[in-house]
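Read through the structure below, which is laid out as structure tokens, and then see the notes.
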Amino acid sequence: MTAHTPHTPPFRDRRLPFAKRIDDLLSRLTLDEKIGFLHQFTPAVERLGIAAFRTGQEALHGVAWMGPATVFPQAVGLGATWNTDLVRRIGEAVSKEARAMRARDDRVGLNVWSPTVNLLRHPLWGRGEEGYSEDPHLTSALATAYTRGLRGDHPVYWRTAPVLKHWLAHNNETGRDVTSSSVRPRVLNEYDLRAFRATVEAGATAGVMPAYNLVNGRPNHVSPYLREHLRTWTDEDLLVCSDAGAPSNLVDSEHYFDTHEEATAAALLAGVDSFTDHGTDSSKITARVRGALDRGLLTEADLDTAVRRQLSVRFRLGEFDPEYDPHALTGDFDTPAHRALAQEAAEQAVVLLKNSTGLLPLAPDTRLAVVGLLADECKLDWYSGTLIHRSTPLEGLYERFGAQRVEFAEGVDRILLKTSAGAFLYVPEADADEEVRGAEGALDPALLAGRTDLPALTAGPAGTELALVDWGEGVLTLRAPDGRYLSVAGDGRVRAAADQPGGWVVQETFRLEPHANGHLLRHIGTGHHVSVAADGVRVAEADPEVFEVIVVERGEDAVAGVAARADAVLVVAGNDPHINGRETEDRTTLALPAHQERLVRAARAANPNTVLALVSAYPYAVDATALPAVLWTSHGGQAAGTALARVLAGDVSPAGRLPQTWYAADADLPDLLDYDVIGGRQTYLYFEGTPLFPFGHGLSYAAFSYAGLATRTANDALHVSFTVTNTGDMTADEVPQVYARAVDPTVPRPRRELLAHDRVRLEPGERRELSFEVPLSAFDFWDVARGGWRREPGAYEVLAGASSEDVRLRATLLLDGEPAAPRPVLRHGLAAADFDEQRGVAIVDRTKTSGDAVTAAGGSGELLYRACDFGAGSTEVTVTVAGEGTVEVSPDGGPVSAVLTSKAAGSGPYDYRTLTAQLTAEGVRDVRVGLRGPLRLAHVGFSG
């Protein structure tokens, strides 16, 4: 036994395993102290020498919100690198900077809420910039790499403790806290859970964060999947941290529970361990926990389970062994290595979508026109740190080609705003320093206030020319000549005060609304119109000013002028990450905003050698027919401009690959809330149309040949090998991709599915053999008839190539498996949610704690269950239903054989009853079930 001195309690004894130390510490905490541990901001326990602790530090592509830090490309840009080694190194750099920043500012947390592993199922999702890919394999590979970098390599102590976001099936901002994602069992297991599972099983994840939405009618914060799936994937004590405000949503917006005590208890019992609610004020959460204890909804043992999980993370972070923490003295911050890594990442994220005439790379002596709204911008998103270094495309091209060979036109519309009294809006001169929003850091940047130290706009005989940008859907920004954006602070006055649009509620966007013979100017953030008074310009509920918009210069005219004088034109178009597509706001269209379409057309009309560079957080449906070259990159962080310039000049051959399908038109898209990727034929896995650019697509300045595909199976794995040769004349990266498809499946399977990939650098003429090992479980699918995984025996095609559509090599192999078996419906009946096909049906919660039921989403729905084995015969059908409506049961899709009507008026959605009717069926037959009315169906049973 280990002896302890009175001054060394066991929880301080590093010779003991963490579990025993946590047991000891838990035994010393009072009930009130344990309750305090459940809020995001855990208070210190001074009598035990335990410091305060905060869960949560944003670190998606650099340490965010806490002031200056190295800023890497957005997560979707890191997804475009397809480079796990690079992403791991970025994770290492970010975690080292977190440690270094914490050493001088203890507000910086080490429990980092990154990465986001939500799949990019729908390109209109406002937060698509935060994810890696639409594909589970690629997402989990990159997320695993990032978490390993964040965690560090020490076998005991972690550099930071990463938490995966956002559990589960979360791809819409529209009504995100009240909408339910209907996720059938196959989609749940084959798609949404897969990315989380592989990342957790890799062993570098400290926990997860549930999402705001509901899944199958039940809020993610009380999801049984936390227990049934997540916690079965690892022996580690995973810490589940709520999303901000989500615990209160369970009552306030979702109305899932009647009281906050019930909601808090249910979330804790489901597996939420840390409650992020009401900012730094823990009093409401702790009061709710005490109330739940008083009502018998929770026990102290329940609290112990949650507190143990937090303590497990804190012990792993070295908090209780500071003298032995190998990361305690980490000081790497803004190092030359980190700057070089940011540039490497930005270069590797550039995707060459088209280069039909060989215009790229540009010749060294090219006279270049650089135009577009993003040409001289280095945009940040909500989860960025503050820039220490900054490189815009224009700056990068000046540096690379020389300022004398580059001419710039931004393409803004330059306007004057004239009042009804004949005066003009005027921006007074001011000593506007270079204050940058969020430069000092903030635990909650949503609370940062606008500037009130600058003079408000006035109206007078001499007006100020404003730069107007229409970002789409009529959302405008107005910028003064000194570069400051018109903004509205808390006092309602309009000032030229913001360095960039930003904030949780953006205060720099406006709309021009036709009115009488002019326009009203509505400020979007407040919803009020701009008015002009003697004491200046403000927003107000009354007396809106009617403005005449006088266009001094149209953006397309300026663009056409510089384009005509150049050898080639670069149009840099895209989005501002705070406008029209961001957290809380989905996009409504794939189309490039009309203002930017005008600029592209003007450049192309003036000069056929026009290159379009899209710098954006998501895909666009652009007409590239008349353009010889098109590139895409995400907002690339601090080195974005240098990276793009080096790619355009041919210093680096582009090798980024699209991490999601680029669709050709809005008509190709499913409804944003349709989460059935199988039935809705979504993503490259199931989409049957012709994309604008396919998943995995990306061109190079070099050329590559593929040869010698060989496959073999051994030890429950598929071994794939082939060679890739650089047949071009420059060193370049290639991204070989391995896909598979079932040749003759009996259920809908992916058209092709990514199994493996690599990113390799090859010298001209270099040939390399690549080998991949894929577990045979990758060929399994979720069989709803048996409620588990099954590998279908038969032929599978293995495809190797440069994208999901650019297949260079094929081979067919035969795999053993388990043949399909009919559903034993006489023994088990049919779980309603285990359908094969559906139309007009949503999955909902059977109870508030577990189980699924189905309901007709629009008053009428159809379900199909294939191959139901009635054996010698059935004579009776029984349905388990709640609510009012009718269930129609029809074997083989013939005439309705049984109609069962529920008239349970006034009953609740969880008040189930059974209804029985005669039904004759024998042998193996398909069964169709019709739902009429708002009832819920949980189960269909048959008996002889």
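For the sequence shown, the positions run 74 to 1017 when my numbering is used.
Glycine included, each C-beta is placed from N, C-alpha and C at the ideal position.
Just the Cα atoms here: how many angstroms apart are residue i and residue j?
i	j	result
P982	L1010	10 Å
W155	T189	16 Å
L366	I358	12 Å
D59	P146	Residue numbering for the chain in the displayed model covers 74 to 1017; residue 59 lies beyond these limits and cannot be assessed.
S457	T734	25 Å
D608	E618	14 Å
Q711	V144	5 Å
V960	T993	16 Å
A171	G723	35 Å
T75	T403	Model confidence at T75 stands at a pLDDT of 48, short of 50, so the residue's coordinates are unreliable; what they give is reported in the following sentence. Answer to the nearest angstrom: the Cα atoms are 32 Å apart.
G932	G1006	5 Å
L414	R832	17 Å
F114	V820	49 Å
P297	G576	35 Å
G152	F620	45 Å
T372	A339	12 Å
R440	G222	42 Å
G729	A422	5 Å
A904	I916	11 Å
W231	L211	25 Å
G838	F845	22 Å
A884	A783	8 Å
If contacts are defined as beta-carbon pairs under 8 Å, then residue i and residue j qualify, I think. What distance do you get, rounded to the angstrom?
i	j	result
P650	D504	Their Cβ separation, rounded to whole angstroms, is 29 Å, which puts P650 and D504 out of contact at 8 Å.
P964	R998	5 Å
V816	E878	In fact, because the Cβ distance is near 18 Å, the residues do not count as touching under 8 Å.
A676	V644	5 Å
V898	F943	6 Å
T796	E842	5 Å
G874	R881	4 Å
T278	T220	5 Å
A448	L467	5 Å
So, with DSSP's three-state summary, where would you put residue i?
i	result
Y736	coil
D572	coil
H400	coil
T75	Because the pLDDT at T75 is just 48, under 50, the model does not fix this residue reliably, and the value given afterwards should be weighed accordingly. DSSP places T75 in coil when its eight states are reduced to three.
K491	strand
T951	strand
S970	coil
M803	coil
F943	coil
L312	strand
I108	helix
T756	helix
G556	coil
N191	coil
I652	coil
D250	coil
S850	helix
Is residue j closer than 8 Å to residue i when the C-beta atoms are compared?
i	j	result
D375	I461	no
T307	V345	no
L539	L470	no
L1100	N682	There is no way to answer for residue 1100, as the model of the chain reaches only from 74 to 1017.
T349	D316	yes
G714	S464	yes
T756	G199	no
V181	Q130	yes
- prompt: Are the segment 949-965 and the segment 317-331 touching by the rule of at least three beta carbon pairs closer than 8 Å?
  reply: no
- prompt: Between the segment 474-484 and the segment 148-165, do at least 3 Cβ pairs fall closer than 8 Å?
  reply: no
task: Count the CB pairs spanning the segment 582-589 and the segment 545-554 that are closer than 8 Å, and state whether there are at least three.
output: yes
query: For the segment 421-430 against the segment 766-780, are there 3 or more C-beta pairs whose distance is under 8 Å?
result: yes
message: When you compare the segment 750-757 with the segment 191-211, are there three or more beta-carbon pairs, one atom per stretch, that lie closer than 8 Å?
response: As far as the Cβ criterion goes, the segment 750-757 touches the segment 191-211, which means the pair count is three or higher.
message: Below 8 Å, how does it come out for the segment 177-192 and the segment 231-245: are there three or more Cβ pairs, yes or no?
response: yes
field: Any 3 or more C-beta pairs closer than 8 Å across the segment 634-648 and the segment 684-691
entry: yes
task: Count the C-beta pairs between the segment 620-638 and the segment 437-446 that are closer than 8 Å, then say yes if the count reaches three, no if not.
output: Because the criterion of three Cβ pairs below 8 Å is met, the segment 620-638 and the segment 437-446 touch.
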